[in-house]
């Protein structure tokens with residue numbers, strides 16, 4: 315279920331919703347009638363909606379539904395910390411297949427301006443494109459690039475426009491369905507996938523052997539002077555960085 319679209323029926327046992335939809339439902343029905351278990355997937359991600367939904371759920375369980383089961387799931391989070399937060403909940407571990415990932419630090423040759431609002435220094439985006447070209451020259455496989463937003467994706471794509479023989483795909487919330495489908499299938503030629511944080515955990519892109527992480531994310535922040543919330547470019551969290559890097563080790567070292 316996403317905003318404006320719900321596909322459930324009388325025989326539905328599992329409903330997958332966004333955190334925004336969950337928050338709206340909690341505001342309408344604090345007891346979550348008909349729900350026995352809530353799974354908070356990718357609980358390591360720090361977002362206003364996700365953190366608020368988790369706080370509401372804990373309050374609901376404490377005050378209204380002590381039998382409500384809460385499950386926090388993630389491949390990278392501090393499991394023991396979440397177990398304590400959930401009142402001594404048991405920790406269940408499932409071993410997955412993960413290959414080793416070499417981390418290479420590639421800072422710009424000279425300092426760049428820090429992000430301000432939604433603005434990212436064009437010099438930094440040029441540097442990201444140069445790192446992608448270096449990865450194409452020095453490594454095998456497809457390259458997955460993490461950028462904070464659609465504008466940055468478009469600008470880096472423009473810098474890579476003449477990367478001969480390489481297909482450049484732009485993946486974000488407004489990308490056409492055909493592009494999203496193409497990303498999820500192995501390509502016939504080498505690819506560079508420019509993506510927002512949607513590819514951190516929601517998508518597994520086949521063929522990726524290299525991740526180039528700009529180290530930025532776009533998140534809502536409250537301007538207390540104006541009393542308004544707006545998207546702001548911030549440094550990605552350490553947990554997000556580990557999650558992004560792990561995308562390079564899904565299929566091979």
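Residue numbers (the working numbering): 315 to 567. C-beta atoms are modelled at their ideal positions from N, C-alpha and C, and glycine is treated no differently.
The beta strand (DSSP E) enclosing residue i, as first and last residue numbers
| i | result |
| --- | --- |
| residue 543 | 542–549 |
Test item: CB-CB of residue i and residue j under 8 Å
| i | j | result |
| --- | --- | --- |
| residue 463 | residue 510 | yes |
| residue 518 | residue 453 | no |
| residue 556 | residue 525 | no |
| residue 345 | residue 378 | yes |
| residue 333 | residue 358 | no |
| residue 340 | residue 367 | yes |
| residue 459 | residue 446 | yes |
| residue 498 | residue 470 | no |
| residue 482 | residue 506 | yes |
| residue 534 | residue 545 | yes |
| residue 405 | residue 412 | no |
| residue 504 | residue 478 | no |
| residue 562 | residue 335 | no |
| residue 428 | residue 441 | no |
| residue 528 | residue 461 | yes |
Counterpart residues of residue i in DSSP-defined beta bridges
| i | result |
| --- | --- |
| residue 483 | 507 |
| residue 524 | 457 |
| residue 354 | 386 |
| residue 536 | 543 |
| residue 581 | Residue 581 is absent from the model: the chain starts at 315 and stops at 567. |
| residue 430 | 433 |
Exposure of residue i, with buried meaning 16 or more beta-carbon neighbours within 10 Å
| i | result |
| --- | --- |
| residue 420 | exposed |
| residue 547 | buried |
| residue 531 | buried |
| residue 466 | buried |
| residue 374 | buried |
| residue 457 | buried |
| residue 324 | exposed |
| residue 369 | exposed |
| residue 491 | exposed |
| residue 376 | exposed |
| residue 437 | exposed |
| residue 514 | buried |
Where the alpha helix (DSSP H) through residue i begins and ends
| i | result |
| --- | --- |
| residue 495 | 491–497 |
| residue 469 | 464–473 |
| residue 370 | 362–377 |
| residue 395 | 393–399 |
| residue 335 | 333–342 |
Distance between beta carbons of residue j and residue i, contact taken as under 8 Å
| i | j | result |
| --- | --- | --- |
| residue 443 | residue 473 | 4 Å |
| residue 512 | residue 485 | 7 Å |
| residue 354 | residue 386 | 5 Å |
| residue 351 | residue 330 | Not confirmed; about 13 Å, so no contact. |
| residue 399 | residue 363 | That belief does not hold up - the Cβ atoms of residue 399 and residue 363 are roughly 18 Å apart, past 8 Å. |
Within-8 Å CB hit, residue i to chain D
| i | result |
| --- | --- |
| residue 384 | Of the protein chains in this structure there is only one, and it is not chain D. |
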